[in-house]
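*Asks:* In UniProt numbering, the protein residues as written are 1 to 211.
Beta carbons: idealized from backbone N, C-alpha and C, even for Gly.
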């Protein structure tokens, strides 16, 4: 399936430029618009149903980068988010975020300044959903009517903000329980797999809506 990133690559622009050119919602030079239209026509690109061309996909990842945080783990997550999102078309922005209200307000303002067409935010910082959602609401970006928010956090934290947050969680006790079970199986001569994957669990709540 042809994606908006394919059109952007062919036209020599960004996905947001392609979206604006095809929708006419933002001023785009005639030369750029013709180049985008030609690339879309050559590739047979059609905007996805439910994702209007005038609302380009822009995904932001808010993650903690401060003393005490194991940065390599955070960066592995960031790289995986950017790489996977690129396969599906959205422009992606990775931003550091702290949970105090003033920092959350600055983060929301920065994201909207850099990405006016922001459509979704993924938060990898457990205390951040509530203040960041409040900041977006203060700026007129209502969740989920205009902006979808998903958090990587335990279920109990996802249900505390004024808008219950769609979350991806891994029960905190599961890794420890599974590790000890594998250890004792191995101790008693029971074959164990070299790699054990613990599947994450997505719980949909009020902070996201389907396109």
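Let me know the secondary structure DSSP gives residue 169 once reduced to three states.
*Replies:* Looking at residue 169 - three-state DSSP - the assignment turns out to be strand.
*Asks:* Out of curiosity, what's the CA-to-CA distance linking residue 7 and residue 43?
*Replies:* Near 7 Å, if we compare the C-alpha coordinates of residue 43 and residue 7.
*Asks:* Helix, strand or coil, according to DSSP, for residue 197 in the structure here?
*Replies:* Coil at residue 197, not helix or strand.
*Asks:* So, for residue 18: in the same chain, excluding its five sequence neighbours on each side, which residues have a beta-carbon less than 6 Å away from its beta-carbon?
*Replies:* For residue 18, where only same-chain residues beyond five positions count, the Cβ hits under 6 Å are 4, 7, 8, 36.
*Asks:* Taking only the alpha-carbon atoms, compute the straight-line gap between residue 13 and residue 95 and give it to the nearest angstrom.
*Replies:* Roughly 23 Å between the two C-alpha positions.
*Asks:* Would you say residue 15 and residue 91 are within 9 Å of each other, going by their C-beta atoms?
*Replies:* Their beta carbons are under 9 Å apart, which means residue 15 touches residue 91 by this criterion.
*Asks:* Rounded to the nearest angstrom, what separates residue 67 and residue 123 at their Cα positions?
*Replies:* Because residue 67 carries a pLDDT of 47, less than 50, the predicted location of this residue cannot be relied on, and no value is offered for it.
*Asks:* Considering Cα atoms alone, identify which of 203, 200, 183 is closest to residue 194.
*Replies:* Closest option to residue 194, Cα to Cα, is 183.
*Asks:* For the beta strand (DSSP E) containing residue 192, list its first residue and its last residue.
*Replies:* That residue, residue 192, is in no beta strand (DSSP E); it is neither H nor E in DSSP.
*Asks:* For residue 150, count neighbouring C-beta atoms within 10 Å of its own C-beta (all shown protein chains included) and say buried if the count is 16 or more, exposed if not.
*Replies:* Looking at its Cβ environment, which holds 16 or more other Cβ atoms inside 10 Å, residue 150 is buried.
*Asks:* Going along the chain, which residues of its own chain have a beta-carbon closer than 7 Å to the beta-carbon of residue 39, five neighbours each way excluded?
*Replies:* Within the same chain, residue 39 has close Cβ partners 7, 10, 11.
*Asks:* Between the segment 169-184 and the segment 131-138, can you find at least three pairs of beta-carbon atoms closer than 8 Å?
*Replies:* Output reads no: the segment 169-184 does not touch the segment 131-138.
*Asks:* So, residue 159 versus residue 168, is the Cβ gap smaller than 9 Å?
*Replies:* No, these two residues do not count as a Cβ contact at 9 Å.
*Asks:* Using a Cβ-Cβ distance cut-off of 9 Å, determine whether residue 83 contacts chain B.
*Replies:* Any reference to chain B falls outside this structure, which holds one protein chain only.
*Asks:* Pull up the CB-CB distance for residue 147 and residue 120, whole angstroms please, since I reckon it's below 8 Å.
*Replies:* Indeed, because the Cβ distance is near 7 Å, the residues count as touching under 8 Å.
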